[in-house]
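Visitor:
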């Protein structure tokens, strides 16, 4: 990597750090977040993209994708080059547009989709899932309780840690972790962040729809992901079922993957 490229990277990283410093000042401004209790339409306003991915694409079953199912992914070319690509998709409700998009761009990716709300006895998986490298798990993710393993006795669920262990994915890199599960992101993503911080798992990017308008809970989730080394590179308000403010789509990438993407885009290697 050339000295010029190193300087460009350092400058970009400094801009990110300045943005985060300003964001943290606003996050900690009690007058600001107390005002959100009265006007919850602004709960997500301060969380905008803080990183620019130079090559992002909306993954769906075609080259141009619209609607709620497709998600914005950074550096599809790098994904295509990965020899050991692993994708987790949490929440489906029979919508496999995202999985089809991953397969279209990187057929070798092993995709694991988790959704315990689907009754496969009444309605089978769509036929399109048979033609891609997908393994479906009819399970939800549940919380891990302090001092216990899982609350799996409560129903058709397992913890993220249990899923990673049972699938033999410990110490692996998850290329994409997509999650849209109507609120479970508030306990699944902190568990994911903990696994990353403990170096039991590596995650390159996260695509998540965050639900609800309770600012303090939203703030805590973003702070947890930031502490684990993730930065937002895309934001999309959901106008279909959330009126543009009750739930919002975010795409994040790890800063280590951001560096790999930057070198790939700017340094000619």
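Residue numbers (UniProt numbering): 1 to 269. Every residue gets a Cβ at the ideal spot worked out from N, C-alpha and C, and that includes glycine.
With 16 as the cutoff for other CB atoms within 10 Å, does residue 122 come out buried or exposed?
Guide: Counting Cβ neighbours within 10 Å, residue 122 comes out exposed, since fewer than 16 surround it.
Visitor: Sorted by chain position, which residues of the same chain lie with C-beta nearer than 7 angstroms to residue 139's C-beta, five sequence neighbours on each side aside?
Guide: 114, 116, 156, 157, 158
Visitor: Provide the residue(s) that pair with residue 88 in DSSP beta bridges, ordered along the chain.
Guide: Residue 88 is bridged to 112, 177.
Visitor: Since residue 81 is in the alpha helix (DSSP H), which residue starts that stretch and which ends it?
Guide: 76-81
Visitor: Please state whether DSSP places residue 150 in a helix, a strand or coil.
Guide: Here residue 150 scores only 44 on pLDDT, less than 50, and its place in the model should not be relied on; the value that follows carries that caveat. Residue state, collapsed to three classes: coil.
Visitor: Please list the segments of the alpha helix (DSSP H) lying wholly inside the stretch 186-241, counting only runs of 4 or more residues, in order along the chain.
Guide: 215-227
Visitor: Note the first and the last residue of the continuous beta strand (DSSP E) segment covering residue 52.
Guide: Neither: residue 52 is in no beta strand (DSSP E) and is coded neither H nor E.
Visitor: The alpha helix (DSSP H) that contains residue 99, what's its start and end?
Guide: 97-105
Visitor: How would you label residue 88, buried or exposed, when you count the other beta carbons within 10 angstroms and need 16 or more for buried?
Guide: It is buried - the Cβ of residue 88 has at least 16 other Cβ atoms within 10 Å.
Visitor: From residue 125 to residue 28, what distance separates their C-alpha atoms?
Guide: 46 angstroms
Visitor: According to DSSP, is residue 258 helix, strand or coil?
Guide: The answer is helix: DSSP assigns residue 258 an H, G or I state.
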